[in-house]
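Student: If you count the sequence shown from 1, position 69 lands on 240 in this note's numbering, and the numbers rise without skipping. Note that beta-carbon positions come from the ideal geometry of N, C-alpha and C, so glycine has one too.
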Amino acid sequence: MLAVFGILAAGTAILLIEMPFLQKGSKKEKWTFAITLVFALGLAIAKSVRAPLPNPLDLIAYLYKPLSDWVYNKLS
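1) Which whole-angstrom value is the C-beta distance of Phe204 and Leu193, which I expect to be below 8 Å?
2) Since Ser219 and Ala174 should fall inside the 8 Å C-beta cutoff, what is the C-beta to C-beta distance between them, to a whole number of angstroms?
3) Do you know how far the Cα of Asp229 is from the Cα of Tyr243?
4) DSSP state of Ser219, grouped into three classes?
5) For the alpha helix (DSSP H) containing Pro191, name the first residue and the last one.
6) Provide the residue span of the alpha helix (DSSP H) that contains Leu238, from first to last.
7) Enumerate in chain order the residues of its own chain whose CB-to-CB distance from Leu212 is below 8 Å, with the five nearest sequence positions on each side excluded.
In structure tokens form, the structure reads like this:
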């Protein structure tokens with residue numbers, strides 16, 4: 172639980188440091204920063220509580236498997 176509070180504190184510190192730079196930016200830039208920060212904090216919290224996170228390579232392998240099979244069959 173202490174790790175979660177540490178991650179949230181780090182996220183708050185990042186937000187406070189970046190806020191002056193974001194004031195000059197566009198609304199789109201602010202939304203992009205906010206969404207990215209929330210996503211990163213969510214992943215960090217999930218990792219700290221040892222939640223099972225999927226491996227991105229599994230998705231890539233799943234998506235490219237039909238293409239790989241097709242190329243293999245054409246070259247065989």
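Tutor: Result, derived from the coordinates:
1) 6 Å
2) 4 Å
3) 20 Å
4) Ser219 falls in the helix class under three-state DSSP.
5) Leu173 to Gln194
6) Looking at the DSSP string, the run of the alpha helix (DSSP H) that includes Leu238 is Pro227 to Leu246.
7) The answer, listed in chain order, is Ile178, Leu179 and Gly182.
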